[in-house]
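S.K.: Okay, here's the structure, questions in a sec.
Residue numbers (my numbering): 24 to 160.
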């Protein structure tokens, strides 16, 4: 695949990641991230500690199913390639309604975050590290 094709593929994977919140189809989350002991992630929502693959997937699924009317916009995306790895940086604006299933009340939220996804290519590009940090509430 060409460099341009690889870059497009990584941008598509980032979109797939956030699209899980919109479609509630969570299966792609485990496909686009590398199930490996070296996988790690930091999130822009608690818990803020460094997480492994299994914990990351579980928390991502919980996060995305807990938000209704979810929308996102990725901006300022950049992809830097290094042989079989790449670093992508971007900002993402997320909006939605966090629903409390016990009280049936919802709270609107808007969050702007910085994102860095590190990719590694084995047979195909997969995320090996995620770092999301909140810019504003």
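Don't be surprised by glycine CBs; every beta carbon is placed ideally from N, CA and C. Bear in mind the structure is a predicted one, so any value in this text is a computation, not a measurement.
Out of 155, 65, 49 and 146, which has the shortest C-alpha to C-alpha gap to residue 108?
M.R.: Of the candidates 155, 65, 49 and 146, the one whose C-alpha sits nearest the C-alpha of residue 108 is 146.
S.K.: In three-state DSSP terms, what is residue 99?
M.R.: It is a strand residue.
S.K.: Output the residue ranges of the beta strand (DSSP E) runs that lie fully inside the segment 30-75 and measure 3 residues or longer, sorted by chain position.
M.R.: Entirely contained in the segment 30-75, the beta strand (DSSP E) runs reaching 3 residues are, in chain order, 63-65.
S.K.: When DSSP builds the beta bridges, which residues end up paired with residue 149?
M.R.: For residue 149, which the question treats as bridged, DSSP gives the partners 143.
S.K.: Could you tell me the alpha carbon to alpha carbon distance between residue 60 and residue 102, rounded to whole angstroms?
M.R.: Between residue 60 and residue 102, the C-alpha separation is close to 24 angstroms.
S.K.: State the Cα-Cα distance for the pair residue 41 and residue 106, rounded to the nearest angstrom.
M.R.: Their Cα atoms are separated by approximately 26 angstroms.
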